[in-house]
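J.: Those protein sequences? They're chains D and E, same order as listed. Quick note, the first sequence lines up with residues 1 to 321 if you use my numbering. Quick note, the second sequence lines up with residues 322 to 642 if you use my numbering. Think of the CB as a built atom: it goes at the ideal place given N, C-alpha and C, for glycine as much as any other residue. Small disclaimer: the values here were computed from a predicted structure and weren't measured.
Number of protein chains: 2
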Amino acid sequence: MPFELPNLDFAALRTLRLVHALGSFSRAAETLGLAQSTVSYTLARLREAFDDPLFVRQGQGIVPTTRCSEIVAQAGELLDRFEELAAPRDFEPAVASLEIGISCNYYERVTILPQIVRVLRCEAPGIRLKVISSTVQGKGQLTRSQSDILLGAVQIQEAGYFRRSLFKEDYVCIMDPQNPLAQVPLDLESFVRAPQVIVNYGDGYRARFLVAMETAGYRPNTAMEVPSPASMDRILLGTDLIATVPRRIAQTFRGEVASVACPVSAEIPIDMFWTARTHSSAPHVWLRSLIATVSGREAESLQDARSSETEDTHAFPDQSF
Amino acid sequence: MPFELPNLDFAALRTLRLVHALGSFSRAAETLGLAQSTVSYTLARLREAFDDPLFVRQGQGIVPTTRCSEIVAQAGELLDRFEELAAPRDFEPAVASLEIGISCNYYERVTILPQIVRVLRCEAPGIRLKVISSTVQGKGQLTRSQSDILLGAVQIQEAGYFRRSLFKEDYVCIMDPQNPLAQVPLDLESFVRAPQVIVNYGDGYRARFLVAMETAGYRPNTAMEVPSPASMDRILLGTDLIATVPRRIAQTFRGEVASVACPVSAEIPIDMFWTARTHSSAPHVWLRSLIATVSGREAESLQDARSSETEDTHAFPDQSF
DNA sequence: GTTAACCTATCGAATTTTTCGATTCATATT
DNA sequence: AATATGAATCGAAAAATTCGATAGGTTAAC
């Protein structure tokens, strides 16, 4: 009996990964819906199995040992492979019961999700969507399994992610219907001069039309910044302000505000990303296909986020290598 | 947030692998020293997790489903990787590959690092040292994991740091060999009067002999300040200036400048600090031991940076609680 | 066609592990 | 000092795993 084979369950590895990601036992417990003492006990088992303190106290919080970071990296791969292996191979939308995590921002919540939800309630009422704000962390949320699908105008260069292009969006300018600018096509000069409400998405992101403007040497007349285009109509009505928002956002204000083409042309490519972990899971394949379908015709082209390639057998397959 | 998160432990995967190999629940149970019903129960869990019968009865025995064989192949890899991951990390310098961060200043880079590097290239060529300037932030760099080891004449009062005393250094005065002061032992009065090049280490630090002088009521005749003792010889040669530097720094100028004992006695304790984060990591233990060894005999005394401390049972142990 | 041999599945009880709430302990902050 | 934060620990409760015994099902032998 020289060696005792270490034993752990995958849930323990998930806990380890989460503690590492959050830097806190208590927050991990909260996220998992468990008591803090439970996480503490799980960590004790992990410490035993790996014969390492894993986390040591430092200052306010905890800091992972060097070995811990190695382990988390490896364990992450093990978990992904296991979850891929255990992913359901077949499912019936009508009876399947599971939760799928989607990470996206306001734009996708407004333009894509409502249609998805409608279909889901009819055809797959057992699929529960857990939508979280991606802000600028969408990629990390995917890799940490905090979400299964990432939607948005995101660019991921690295290998290890699958991508499907959904559609391209462009900008329109919206304003009070009384605004003189709403009466005629908007020219560039008027656009640049007009007092604008700029959406800054809570910092860390600059809308593409702003980048395009700047590249062309213009600077908008920023009268106000807000973090989200939500209820922009309420802001604009009765003012001389204009706002430049994606076309589909503008459509949600239909009737309330006037919209005209934006003289600065900029495209927003909206993509869907996922990882190998859910790549072969039947419900995920189904949902991704649904998302692509409701996103419209443009969704026919598709690719891997990485370079390579395969083959497609479904109506709206995720990927062709 | 994936599906009904499947959970299994690695022991279950081992059982699966064994059953697959032996083609029998009972023999697997026997091999594992378990009851047959236990294996049956484990298989029930596996069947649930993978949503597949895995084994179906045929004739005398059982036969694996195709999915089962896939799973066994994958699970075998998962098990191998897990066991590799959980295997006690015995550190072999010759093959280890990792980076270790050291925070120190010019003095330690000149006196300690060259010897370390020499040993490392022979015995542990896979260890990459990342040396950063500690200036006066060494402690913060440690706690922020910007470095793993801090070397220098540092005093850390707080708890949470490990310390090992390396050696004590003293000062000598160096000057042009032609300097009259170089011909006889230097007396205090001449020392105080002599025009000095003062090393200010880029502000924020005052050399200990300066503190000692001031305490004794003397003030040096400062002719010049420089941030580092590097190439001090080039500055001194052909002048009447003197400089007071740690003995081992002076030795790097050997032959170029004359050096005499400094009449102000001040000791510089050179210590090594680290944190719990790397305390139990085999490569770090090994390197710390190496640093202590090449730092010489004086390294035998050792303590914790915190209050408690004990004696030492190993040749050059970091610490024993 | 019955029986014997050989498996796996299942049941109830015993055991072990996991979880929880409360408390304690350690550290940092006021 | 006092307070706040967060991990460790304790005892009790809940859940899971394990075991022995037995049931159910298939094959081979008579």
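As an exercise, report each continuous beta strand (DSSP E) stretch of at least 3 residues that is fully enclosed by the stretch 393-463 of chain E, in chain order.
T.: 419-425 and 448-454, all fully within the stretch 393-463 of chain E.
J.: For E:Val581 and E:Leu507, which I take to be in contact (beta-carbon distance under 8 Å), what is that distance rounded to the nearest angstrom?
T.: 5 Å between Cβ atoms; contact.
J.: Mind listing the chain E neighbours of D:Leu78? Cutoff is C-beta to C-beta under 8 Å, in chain order.
T.: Those within 8 Å of D:Leu78 in chain E are Leu399, Arg402, Phe403 and Leu406.
J.: So E:Arg388 and D:Arg67 are supposed to be a Cβ contact under 8 Å. How far apart are they, rounded?
T.: Actually they do not touch by this definition, with Cβ atoms about 35 Å apart.
J.: What in chain E is Cβ-close to D:Ile71, meaning under 9 Å?
T.: Correct list: Leu406 and Ala407.
J.: For the pair the stretch 275-293 of chain D and the stretch 114-132 of chain D, tell me if three or more CB-CB distances fall below 8 Å.
T.: Enough Cβ pairs lie closer than 8 Å, so yes.
J.: Could you check what DSSP says for D:Gln173 in three-state terms: helix, strand or coil?
T.: Per the sequence shown, residue 173 of chain D should be read as Cys rather than Gln. Note: D:Cys173 maps to strand in three-state DSSP.
J.: Would you call the CB atoms of E:Tyr492 and E:Val513 closer than 7 Å?
T.: Result no, Cβ atoms of E:Tyr492 and E:Val513 do not sit closer than 7 Å.
J.: Would you mind telling me which residues of chain E sit closer than 9 Å to D:Arg45, beta carbon to beta carbon, in chain order?
T.: Per Cβ cutoff of 9 Å: no residues; D:Arg45 is ~11 Å from chain E at best.
J.: If you count every other CB in all the chains shown that lies within 10 Å of the CB of E:Lys489, and 16 or more means buried, which is it?
T.: The residue in question, E:Lys489, is exposed, as its Cβ has fewer than 16 Cβ neighbours within 10 Å.
J.: Based on the DSSP output, what are the partners of D:Gly255 in its beta bridges?
T.: Answer is none; D:Gly255 lacks a bridge partner.
J.: Could you pull out every residue in the same chain whose Cβ sits closer than 8 Å to the Cβ of D:Tyr205, ignoring the five residues on either side in sequence?
T.: Cβ neighbours of D:Tyr205 beyond the five flanking positions: Val136.
J.: Report the partner residues of E:Gly559 according to the DSSP bridge assignment.
T.: Bridge partners of E:Gly559: none, in fact.
J.: Entirely within the stretch 332-400 of chain E and at least 3 residues each: give me those beta strand (DSSP E) ranges in chain order.
T.: Qualifying beta strand (DSSP E) stretches, in chain order: 376-379 and 382-385.
J.: Near E:Met545, which residues of its chain fall below 6 Å by C-beta distance, leaving aside the five closest residues on each side in sequence?
T.: Hits under 6 Å: Val518.
J.: Helix, strand or coil, according to DSSP, for D:Val294 in the structure here?
T.: DSSP places D:Val294 in helix when its eight states are reduced to three.
J.: Starting from E:Ile589, follow its DSSP beta bridges and name the residues at the other end.
T.: Partner(s): E:Glu490.
J.: What's the C-alpha gap between D:Thr252 and E:Gly461?
T.: Their Cα atoms are separated by approximately 51 Å.
J.: Chain E partners of D:Asn366, CB-CB under 8 Å?
T.: This structure does not reach residue 366 of chain D, given that chain D is present from 1 up to 321, and the question cannot be answered.
J.: Output yes if chain D places a C-beta closer than 7 Å to the C-beta of E:Arg598; else output no.
T.: With 7 Å as the cut-off, E:Arg598 counts as an interface residue toward chain D.
J.: Suppose the cutoff is 8 Å on Cβ atoms and the five residues either side in sequence are ignored; what does the same chain contact list for D:Val294 look like?
T.: Closer than 8 Å at the Cβ level, and outside the excluded window around D:Val294, lie Ile112, Gln115, Ile116 and Val119.
J.: Taking the DSSP output, what are the residues bridged to D:Leu150?
T.: D:Ser103 and D:Phe273.
J.: Starting from the Cα of E:Ala356, find the closest Cα among E:Thr336, E:Phe371 and E:Pro374 and give me that residue.
T.: Considering only alpha carbons, the answer is E:Thr336.
J.: Mind pulling the chain E residues with CB within less than 9 Å of D:Gly59?
T.: Neighbours of D:Gly59 on chain E, chain order: Thr464 and Gly481.
J.: Going by beta-carbon coordinates alone, are E:Ser468 and E:Ser418 separated by less than 7 Å?
T.: Result no, Cβ atoms of E:Ser468 and E:Ser418 do not sit closer than 7 Å.
J.: Among E:Thr596, E:Glu391, E:Thr560 and E:Ser347, which residue has its Cα nearest to the Cα of E:Gln381?
T.: For E:Gln381, the nearest C-alpha among the options comes from E:Ser347.
J.: Tell me the rounded alpha-carbon separation between D:Gly45 and D:Ala28.
T.: What sits at residue 45 of chain D in the sequence shown is Arg, not Gly. If I take the Cα positions, the gap works out to 16 Å.
J.: Is it true that the CB of E:Leu353 sits closer than 7 Å to the CB of E:Leu400?
T.: Not a contact, by the Cβ cut-off of 7 Å.
J.: Using 8 Å for Cβ pairs, my map puts E:Phe412 next to E:Thr596. What's the rounded Cβ distance?
T.: About 19 Å; that fails the 8 Å criterion.
J.: Can you tell me the Cβ-Cβ gap for E:Asp497 and E:Leu557, rounded? I've got them flagged as a contact below 8 Å.
T.: Yes, they are in contact, since the Cβ atoms of E:Asp497 and E:Leu557 sit about 6 Å apart, within 8 Å.
J.: Hey, quick one: how far does the alpha helix (DSSP H) through E:Ala533 stretch, first residue to last?
T.: First-last of the alpha helix (DSSP H) with E:Ala533: Arg529 to Thr536.
J.: Just to confirm, does D:Leu5 get its C-beta within under 6 Å of one of the non-hydrogen atoms of the ligand HEM?
T.: Ligands displayed in this structure: none; no statement on the ligand HEM is therefore possible.
J.: Tell me, please, which residues DSSP counts as bridged to D:Val260.
T.: D:Cys173, per the DSSP bridge assignment.
J.: Figure out for me which residue from E:Ser455, E:Pro604, E:Ala587 and E:Val547 has the closest Cα to the Cα of E:Glu535.
T.: Taking only the C-alpha atoms, the option nearest E:Glu535 is E:Ala587.
J.: Near D:Val264, which residues of its chain fall below 6 Å by C-beta distance, leaving aside the five closest residues on each side in sequence?
T.: If we look at D:Val264 and ignore the five residues flanking it on each side, its Cβ neighbours are Phe209, Ala212 and Met213.
J.: Among all the DSSP beta bridges, which residues are the ones paired with E:Glu546?
T.: In DSSP, E:Glu546 forms a bridge with E:Ile519.
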